[in-house]
Ligand SMILES: Nc1ncnc2c1ncn2[C@@H]1O[C@H](COP(=O)(O)OP(=O)(O)OP(=O)(O)O)[C@@H](O)[C@H]1O
Ligand SMILES: Nc1ncnc2c1ncn2[C@@H]1O[C@H](COP(=O)(O)OP(=O)(O)OP(=O)(O)O)[C@@H](O)[C@H]1O
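Chains as they are written, first to last, in the numbering used here: chain E, 1 to 215; chain U, 1 to 215.
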């Protein structure tokens, strides 16, 4: 069972500590604010009030035993100091929230394996979603491929997948059909003979521009 | 061409304004801080310094013409006031960043079509990723289905998809293969006879617990 130390319990750190514990990891939650430590206590294995820039008290809090550490402090100086403390304590994997791109560069140079910029990441995902208003759900899998759930267009209703032939016409694959009759069910890997009904939704896989051409 | 008004240019709002403009929308960026308005100006159609809680100056800034508005102010009072101003100006779709869950409830009751909590959303996604360390990329498509990119396990190398038969053994579908020989290429909808080579990665679709069982 992996142990994660979450340093800093702001909106991001608090939710991360809670979610990691829910996912089955043993979580040590650290903050120098007593109220936050008390609030997280019921959700995690260990909640300790301490200054994250102090290696001695961090070691006493058991942080050296963690496999991975995530620094979620929102001020640059204590954030950088906390990363250095985690390095000193020998943690295998250190992630840290960057407050600016320059801060992110500093963290990487200091050895953070991954730098997180929550606001910027969500902004980019939301922009993609807003740029595709006809798409119910839009996920970028890689620079090249995206997944999109789109409501069945009028011309699709009553046609089978092989009749629609989206792959040769648009270069887009239908990897799932969400049946209107069964809103929680997603039919994965539908068959060539499956017919689209009104109000069904199709889960498409393909390049963003090809999906956009289709809708 | 849709017009979006982005109100508040903190980390989230600034990146959102930039990304929406990149995606081809006409963006009106609003902030009462002159420096931020100057910084965003090169990226968007219109950058206007004004108090977002003042309907008159917001109308003068052209915000009434926007199809959608996103309030990205980080303080509850001006955030709520800005949402009310966008409603008054008749915008069709209003999104807003919520600072606390209670604030989110208030925004929904006031008519925000969608409430965003960037830090909490990224924390939940990161927790999923950290909980699946053997998975290169983990995306939750819905409550039920997830997508995961996993490095080919030893027992898979040299086998064809039909030989591995992941669907009947694990309930998981292989919707893509990322060939080691071609790192930017993702082979979508691989064929039953496709063989897995060492260091390939498989893109799997299935329930989270089934994917986890496999890796
Ligand atoms: N030296 C420190 N040791 C331990 N905790 C610290 C230290 N400095 C700051 N913190 C804690 O880090 C937490 C997050 O910091 P802060 O609130 O500045 O970040 P934030 O970016 O506003 O957070 P979020 O956006 O996640 O809400 C706070 O709860 C704060 O008490
Ligand atoms: N009444 C107002 N009218 C216009 N802009 C405003 C108003 N009040 C605040 N803002 C702007 O909203 C922006 C974002 O607010 P703030 O920095 O408090 O949020 P934040 O949550 O810390 O942002 P982020 O997390 O996105 O960096 C600031 O640039 C601020 O100048």
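Each residue gets a CB set at the ideal place from its N, CA and C atoms; glycine is no exception. What you are looking at is a predicted structure, and each value in this text was computed from that prediction instead of being measured.
Taking all protein chains in view, the Cβ of residue 190(U) is crowded by 16 or more other Cβ atoms within 10 Å, so the residue is classified as buried.
By the CB criterion at 8 Å, residue 71(E) and residue 97(E) fall inside the cutoff.
By the neighbour-count definition (other C-beta atoms within 10 Å, threshold 16), residue 38(E) is an exposed residue. Across the set 202(U), 160(U) and 176(U), the C-alpha of 160(U) shows the shortest separation from the C-alpha of residue 192(U). Secondary structure at residue 13(E): helix, using DSSP grouped into helix, strand and coil. Under the Cβ distance rule, residue 151(U) does not count among the residues neighbouring chain E, no pair being separated by less than 8 Å. Fully contained in the segment 109-178 of chain U are the following alpha helix (DSSP H) runs of length 4 or more, in chain order: 118-131, 161-164 and 166-170. Around the beta carbon of residue 6(E), a 10 Å sphere encloses 16 or more other beta carbons of the protein chains shown; the residue is thus reported as buried.
Counting C-beta pairs with one atom in each stretch, the segment 192-207 of chain E and the segment 10-25 of chain U have fewer than three that are closer than 8 Å, which means they do not touch. It is roughly 28 Å from the alpha-carbon of residue 188(U) to the alpha-carbon of residue 19(U). By the neighbour-count criterion, in which a residue is buried when 16 or more other Cβ atoms sit within 10 angstroms of its Cβ, residue 58(U) is buried. Residues 89 of the same chain have their beta carbon placed closer than 6 Å to that of residue 64(E), with the five preceding and five following residues left out of the count. Residue 34(E) and residue 44(E) have their C-alpha atoms roughly 15 Å apart. For residue 188(U), the enclosing beta strand (DSSP E) has its first and last residue at 186-188. Judged by pairs of C-beta atoms under 8 Å, the segment 130-143 of chain E does not touch the segment 45-53 of chain E, as fewer than three such pairs exist.
Contact fails between the segment 170-180 of chain E and the segment 102-117 of chain E, because fewer than three Cβ pairs, one in each stretch, are under 8 Å apart.
Proximity of residue 169(U) to chain E, defined by a Cβ-Cβ separation below 8 Å, is not satisfied. Taking the C-beta atoms as reference points, residue 203(E) is found nearer than 8 Å to residue 147(E). No Cβ of chain E is located within less than 8 Å of the beta carbon of residue 1(U). The three-state secondary structure of residue 200(U), taken from DSSP, is coil.
Between ligand 1 and residue 13(E), a heavy atom-to-CB distance of less than 7 Å is present.
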